[in-house]
Amino acid sequence: MRALLVLFSVLLPLSFATAQDKLQVVTSFSILADITQQVGGEHIQLSNMVGPDADAHTYEPSPDDAKALLKARVIIKNGLGFEPWLDRLITSTETQATVVNASKGVIARTLEEGGDKIPDPHAWHNLANAEIYVSNITQALITADPANKADYQHNSQAYLQKIYRLLAEAKAKFAALPAGNRRIVTSHDAFGYLGQAYGIDFMAPQGLSTERDPSAAEVAALITQIRQAHVKAVFMENIKDARLLKQIAEESGAHIGGTLYSDALAANGPASTFTGLFEYNLNTLYDALGTP
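Using the numbering used here, the letters of the sequence shown correspond one by one to residues 487 to 778.
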């Protein structure tokens with residue numbers, strides 16, 4: 487018994503040291519967390535801020551988030567104006583971590599809101615951009631932890647193979663959608679990159695952010711537009727209250743096509759990983775719109 491206690495007392499500090507020796511990485515929201523974990527594997531200790539089914543647009547950081555930034559060696563954010571609260575927290579904590587913009591190199595689509603042109607931050611919904619995310623994250627981990635470069639590169643290539651298979655599946659299914667079924671309504675304007683890639687027109691009562699509620703006049707105008715354009719389906723989002731979309735569907739005559747995952751992974755189930763999220767959205771759209 488004494489021998490076991492001695493062995494345990496030796497192994498416990500070793501296991502603790504192993505965990506502490508891992509590269510400390512913080513990600514801003516669940517989609518980035520999954521991509522980063524796929525690349526980092528066993529070599530990183532990951533802390534994520536905005537969790538599954540949560541809205542990053544309206545997130546309020548906690549004291550634990552500030553502590554995580556101070557311990558981190560690498561902070562990975564989306565960029566394109568997606569996390570202004572994170573930029574403020576990085577400044578206030580004066581963290582020494584390297585801040586990585588996962589969307590660096592993406593050709594951003596822009597929209598006009600309030601008289602200003604602003605970038606659409608939801609670039610991950612185009613898998614060609616997701617490849618850029620993977621590349622930026624891989625390079626950041628290699629730079630911070632060059633000793634494990636080979637593993638990061640191997641994990642990255644294996645993950646990209648999954649993305650390439652999804653790209654081929656998306657191209658085939660979206661190409662098969664009837665021409666009259668290519669107008670879709672979602673809660674906020676999160677799927678513009680997906681629409682841009684596959685010729686689908688996404689309409690939404692809210693703009694790029696979920697912070698501002700649409701006015702009654704804006705909702706009425708959207709309902710009129712849905713009727714005139716003969717939009718077939720309205721889709722809920724996992725991060726949003728569905729009541730407004732249900733009202734719009736009822737008043738416009740469009741049917742509820744299902745739930746799409748926009749800015750966050752699911753807590754569990756098929757959309758609990760990024761590739762699972764994309765495939766789930768793809769199949770949900772195809773099932774609802776694939777027949778004339």
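Even glycine gets a Cβ: it sits at the ideal position worked out from N, Cα and C.
Item to check | Cβ neighbours of D539 in the same chain (closer than 7 Å, five flanking residues each side left out) | outcome: N724, I725, A750, A752, A753, listed in sequence order.
Next on the checklist: Going by DSSP in three states, K508 sits in which element: helix, strand or coil?
Outcome noted: In the three-state DSSP reduction, K508 falls in the coil class, being neither helix nor strand.
Next on the checklist: For the pair the stretch 739 to 750 and the stretch 507 to 526, tell me if three or more CB-CB distances fall below 8 Å.
Outcome noted: The stretch 739 to 750 makes contact with the stretch 507 to 526: 3 or more CB pairs, one atom from each, lie closer than 8 Å.
Next on the checklist: Between the alpha carbons of V585 and E546, how many angstroms are there, rounded?
Outcome noted: Taking the straight line joining both Cα atoms gives about 19 Å.
Checklist entry - Cα separation between G755 and D520? => result CA-CA distance, G755 to D520, rounds to 14 Å.
Checklist entry - What first and last residue would you give for the alpha helix (DSSP H) that runs through H741? => result Segment 741 to 746 is the beta strand (DSSP E) holding H741; no alpha helix (DSSP H) there.
Next on the checklist: Just verifying my parser: in three-state terms, what is the DSSP assignment at L694?
Outcome noted: Note that L694 has pLDDT 47, beneath the 50 cutoff, so the model's placement of it is unreliable and no number is given.
Checklist entry - In angstroms, rounded to a whole number, what distance separates the CA positions of Y772 and D631? => result Their Cα atoms are separated by approximately 42 Å.
Next on the checklist: Quick check on T596: does DSSP put it in helix, strand or coil?
Outcome noted: In this structure, T596 counts as strand in the three-state DSSP scheme.
Next on the checklist: Rounded to whole angstroms, what is the Cα-Cα separation between T629 and K648?
Outcome noted: Rounded to the nearest angstrom, the gap between the Cα atoms of T629 and K648 is 24 Å.
Checklist entry - From which residue to which residue does the alpha helix (DSSP H) around T522 run? => result Taken as a continuous stretch (DSSP letters only), the alpha helix (DSSP H) holding T522 covers 516 to 526.
Next on the checklist: Please give the ranges of any alpha helix (DSSP H) in the stretch 548 to 584, keeping only runs that are unbroken, at least 4 residues long and fully inside the region.
Outcome noted: 549 to 557, 570 to 579, all fully within the stretch 548 to 584.
Checklist entry - Taking the continuous alpha helix (DSSP H) assigned at E617, which residues delimit it? => result It spans 613 to 630 - the alpha helix (DSSP H) in which E617 sits, taken as one unbroken run.
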